Structures are given as structure tokens and as C-alpha cells.
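**Student:** Counting from 40, one number per residue, gives the positions in the sequence shown under our numbering. All C-beta atoms, glycine included, are put in the ideal place defined by N, C-alpha and C. Model, not experiment: these values are computed from the prediction. Before I ask anything, here is the structure I am working with.
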Amino acid sequence: MIPYFLLRRRGGLKMVVLSLLYRKPMSGIDIINSIETLSMGFWRPSPGSIYPILKTLTKENMIKMSKGNGKKIYELTEKGRKVLKEEGFIPIFKFGIGVHTFDQVIDELESYIYYIEDYIGEKGMLPKEYRDRLRKCAYKILEILGERK
């Protein structure tokens, strides 16, 4: 899943695009489809949000574009890799974005909370089994903080 905090911060989608291209070269539609998959179908960015980012990243020499099989294929450059590393985003394959500091762990937890709130807002109450699991997680966090025994 794409951490929700990334999409809420300025330039977040740009970092997601760079992170996806870290994994492999992709076309614009591949990037759109990957974001939809990583968000578990919750969000599919429009071409109007992805292609301007690709154009900007190309102008900034963070990615390069080549043509193959009638498609434009985008690939991360060394400058793009450097920007990712400077920002602390070293992509991993399971989630697409790595977590390297405690602040980022908390941001990741917050992103899941926002996701759950949005999901419930769209689809309604979670099934009991998920509510029970989330309750156990909440109790465990309170226990770790020394606020519950």
C-alpha cells in the first residue's frame, strides 16, 4: 500500500512515481495501474496528474524517456536515484516505499489510519473480524505506551 502521508504532503505523488521507477522502467499507464494496485484499488490517479509529473521529472533530469513498442517508457536516472536517497525513500518491493526512521514508522501508521477512515467513509463499517483485529492493535499500542495493562 502507498503510505497515505506521502500523497498528502507536497510533492508526494512525485516521490511515489520516482519510487515506482526505481523498481523498473514503466510507461505512464503502467505507473497509473501500479498506483491503483498499491492503493488496493482505492485510488487511481488520472493521466492529468501523472503525465505532467513525468514531463517535469524529465525536464529536471530525474527520469529519462525512450520509445519502445509504440509506448513512451520512463526510467530513473542517477539524479533521480540520488533525490530518492536524499529524501529517505529507498523503495522496497512489498509496499513500494521503505521506512527508515521512527518518524517514518509513525507516519506509516498514521497513513493506515487515514486509509481506514477513508475506506469506512466510502464503504461503511468494517466487518467484525477486522474491527476486532484493529482493536487488538490499538490495545497493544496503548500497552506499549504504558497507558493500558
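Report the three-state DSSP secondary structure of Ser85 (helix, strand or coil).
**Tutor:** coil
**Student:** CA-CA distance, Glu99 and Glu156?
**Tutor:** 36 Å
**Student:** What does the alpha-carbon distance come out to for the pair Ile70 and Leu77?
**Tutor:** 10 Å
**Student:** Please return the same chain residues whose Cβ sits closer than 8 Å to the Cβ of Leu60, not counting the five positions on each side in sequence.
**Tutor:** Ile70, Ile102, Tyr113, Glu114, Leu115, Gly119
**Student:** Buried or exposed, going by whether 16 or more other CB atoms sit within 10 Å of the CB of Leu181?
**Tutor:** The residue in question, Leu181, is exposed, as its Cβ has fewer than 16 Cβ neighbours within 10 Å.
**Student:** State the DSSP-derived secondary structure class of Met104, mapped to helix, strand or coil.
**Tutor:** strand
**Student:** May I have the straight-line CA-CA distance separating Lys53 from Gly109, to the nearest angstrom?
**Tutor:** 24 Å
**Student:** Name the two residues that bound the continuous beta strand (DSSP E) containing Lys110.
**Tutor:** 110-115
**Student:** Could you tell me the distance, in whole angstroms, from the CA atom of Thr95 to the CA atom of Ser88?
**Tutor:** 11 Å
**Student:** Quick check on Met65: buried or exposed, where buried means 16 or more other Cβ atoms within 10 Å of its Cβ?
**Tutor:** buried
**Student:** With a threshold of 16 other CB atoms inside 10 Å of the CB of Ile92, please say whether the residue is buried or exposed.
**Tutor:** Classification for Ile92: buried.
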